[in-house]
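Here is the structure we will look at.
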Amino acid sequence: MDSLLQTLTNDLRLALLVVGGLLVLVIVLWEVVQRRKADRADSTHLRGPLGQARSAPVDEWVKNDPLLDRPRGDSFEAVSTPGVTERIEPTLTLPEIHVRDRLAEPPLVDFDQAMTAEDRGSSIPVMQSSPVETSAMIEPEPSASVERPSSNAPLSSAPSSDEPPRSAPSMTLPKDSEPVIVALRVVAREGERFTGAALRQALQGEGFVHGEMDIFHRALADGRVLMSAASLTKPGSFDLTVMDSMRYLGVNLFAVLPGPIPGRDAVDKLLSVGHTLAQRLRGQLLDSRGQALTESRLAEMRREAAAAGGG
152 MDSLLQTLTN DLRLALLVVG GLLVLVIVLW EVVQRRKADR ADSTHLRGPL
202 GQARSAPVDE WVKNDPLLDR PRGDSFEAVS TPGVTERIEP TLTLPEIHVR
252 DRLAEPPLVD FDQAMTAEDR GSSIPVMQSS PVETSAMIEP EPSASVERPS
302 SNAPLSSAPS SDEPPRSAPS MTLPKDSEPV IVALRVVARE GERFTGAALR
352 QALQGEGFVH GEMDIFHRAL ADGRVLMSAA SLTKPGSFDL TVMDSMRYLG
402 VNLFAVLPGP IPGRDAVDKL LSVGHTLAQR LRGQLLDSRG QALTESRLAE
452 MRREAAAAGG G
């Protein structure tokens with residue numbers, strides 16, 4: 152009897168083990184089938200009738216999940232959920248850089264032409280000063296010393312009220328001989344321009360005053376013009392009402408000979424002022440043709456100035 156009971160117990164255990172194993176196998180197979188059905192349904196939902204991809208359901212899912220990074224496209228609007236911080240990667244936006252700003256007026260000379268004229272062997276004409284009314288001329292007087300401010304002196308936008316009044320600068324052209332113009336250029340480096348405010352302050356720091364023909368003049372104490380500065384941009388004048396907001400290629404420094412001082416001295420003073428302006432503005436000093444200023448070119452200018460006389 153005991154052996155029969157023991158046999159039945161063993162058979163029951165074996166049957167339970169087999170049934171349990173089959174049940175586990177059925178559950179696993181059912182899970183696999185359900186997953187395949189779900190994957191097939193998702194694939195059908197995400198594709199159109201011809202097999203093309205459908206992006207709308209994905210967009211809707213991403214749209215409703217504020218924790219996902221916002222895509223860069225504009226397929227949906229940003230989601231704002233109170234208390235939830237969006238994880239958006241930081242982006243760096245660089246400003247658009249223009250090597251050359253568009254000029255409000257056409258330049259008197261093309262900058263590239265001016266910088267490469269020496270290589271081509273061509274010359275660039277110097278801007279000549281406009282004729283002056285006869286009534287504005289005064290007879291030559293004995294030479295007077297030039298009061299030149301220090302290059303390290305603070306720059307101001309207007310002359311101090313404590314300074315004694317001076318005669319207004321007046322251009323004087325020779326009556327008995329053809330005038331000779333000696334000139335130099337102070338130009339911005341390639342791809343750059345002088346700001347109007349910096350240019351105005353640099354000129355005023357060298358004793359120039361805005362005056363006749365709407366250009367800057369550096370005069371003696373009696374009002375006779377020693378040298379002048381005109382813009383390289385046509386028509387060469389400076390409008391003080393908008394100058395500070397403008398940008399300039401450079402300036403023409405020129406002296407009309409015969410003048411109030413000897414011609415060679417005029418060239419030397421022109422050279423000194425040009426060097427100082429170029430240093431102040433971090434520009435370049437060129438000759439009247441826009442070429443590099445060499446010793447031979449400077450000697451030629453001195454000879455021409457000496458022949459013109461003055462003083």
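Throughout, our numbering is defined as the position within the sequence shown, counted from one, plus 151.
C-beta atoms are modelled at their ideal positions from N, C-alpha and C, and glycine is treated no differently.
- For M452, there is no enclosing beta strand (DSSP E); the enclosing alpha helix (DSSP H) covers residues 446-459.
- Annotation: the stretch 328-394 contains the following complete segments of the alpha helix (DSSP H) (minimum length 4 residues), in chain order: 347-356.
- DSSP lists R336, A381 as the beta-bridge partner residues of N403.
- In the DSSP assignment, Q430 falls within the unbroken alpha helix (DSSP H) covering 414-432.
- In this structure, V360 is the residue among V360, L383, A381 with its C-alpha nearest to the C-alpha of R375.
- For G414, the CB contacts under 7 Å within the same chain, skipping 5 residues up- and downstream, are L408, A456, A457, A459, G460, G461 in chain order.
- When secondary structure is reduced to three states using DSSP, R186 falls in the helix class.
- Taking the Cα of D365 as reference, the smallest distance to any Cα among E357, D373, R351 is reached at R351.
- At a Cβ-Cβ threshold of 9 Å, V338 and L383 count as neighbours.
- Going by beta carbons, L421 and L400 fall outside the 9 Å limit.
- In this chain, the beta strand (DSSP E) harbouring Q435 covers 435-438.
- Note on D438: 16 or more other CB atoms within 10 angstroms of its CB, so buried under the neighbour-count rule.
- The Cβ neighbour count for V170, taken over all protein chains shown within 10 Å, is under 16; the residue is labelled exposed.
- Going by C-alpha positions, S388 is about 6 Å away from A381.
- DSSP links R398 through a beta bridge to T346.
- Residues V333, V418 of the same chain have their beta carbon placed closer than 6 Å to that of M452, with the five preceding and five following residues left out of the count.
- If you check the CB distance, R398 and R340 do not come in under 9 Å.
- Counting the other CB atoms within 10 Å of its CB gives R187 a total below 16, which places it among the exposed residues.
- Within the DSSP bridge table, the entry for L165 names no partner.
- In this structure, the straight-line span from the alpha carbon of S154 to that of L180 is close to 39 Å.
- A straight-line Cα-Cα distance of about 11 Å links A189 and E182.
- With a contact defined as Cβ atoms closer than 8 Å, M378 and A349 miss out at about 20 Å.
- If you compare the alpha carbons of H426, L432, T427, L371 with that of I412, the shortest gap goes to L371.
- A straight line joining the alpha-carbon of A353 with that of A443 spans about 22 Å.
- Contact between S396 and G347 is confirmed by a C-beta separation of about 6 Å, below the 8 Å threshold.
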